[in-house]
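In this note's numbering, the protein residues as written are 56 to 225.
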């Protein structure tokens with residue numbers, strides 16, 4: 056069996072190893088866990104899991120607006136809450152056990168809030184989120200998902216490079 060450094064050397068030489076200074080095993084394990092989770096939800100519900108519908112399906116508990124009370128939201132809202140809270144809980148468990156503990160970013164809270172709102176708007180415009188398109192859509196060879204993921208990535212890279220050029224830091 057290959058060790059991590061041997062695998063990195065085989066895959067791309069020392070230049071590739073420089074991209075992952077802490078190794079690739081944590082990313083491989085994370086990918087396997089995400090794949091298992093997505094497969095479990097799909098096999099158990101026949102619904103492609105994604106996080107962007109969480110907000111609208113959760114609003115069906117408190118709103119009478121027809122948009123939020125569509126049948127597809129009503130039947131999936133319970134597991135979508137569990138799905139979304141599990142992602143938050145997983146991040147918290149990691150941060151408190153394997154990570155540096157608690158808060159793990161230098162980004163100011165207001166920037167996280169604004170970024171979260173912009174991501175939320177973008178996921179509704181894009182008819183899905185990175186988990187829905189990036190994991191499920193690409194795995195099912197959806198042309199729409201390939202286009203959306205390319206758009207997500209190009210926009211994120213462009214925004215990051217623009218902020219760096221403007222001297223904006225966390």
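Heads up, the beta-carbon is just placed ideally off N, CA and C, and yes, glycines get one too.
Item                                                                                                           : Value
Residue 56 - DSSP class collapsed to helix/strand/coil                                                         : Bear in mind that the predicted position of residue 56 carries a pLDDT of just 49, short of 50, making it unreliable; the figure below should be weighed with that in mind. Coil, per DSSP.
For residue 77, the first and last residue of its enclosing alpha helix (DSSP H)                               : Careful: residue 77 lies outside any alpha helix (DSSP H) and carries neither H nor E.
Distance, residue 220 Cα to residue 227 Cα                                                                     : The structure shown has nothing for residue 227, since the chain only spans 56 to 225.
Any 3 or more C-beta pairs closer than 8 Å across the segment 162 to 175 and the segment 134 to 143            : no
Residue nearest to residue 174 in terms of C-alpha spacing, selected from 91, 106, 96                          : 106
Classification of residue 190 by the beta-carbon crowding that lies within 10 angstroms, buried from 16 upward : buried
Stretch-stretch touch, CB-based, cutoff 8 Å, three pairs: the segment 192 to 205 with the segment 108 to 119   : no
Every unbroken alpha helix (DSSP H) inside the segment 76 to 122 [4 residues or more]                          : 80 to 100, 109 to 114
Pairwise C-alpha distance: residue 93 and residue 177                                                          : 22 Å
Neighbour-count burial assignment, residue 209, 16 or more Cβ in a 10 Å radius                                 : exposed
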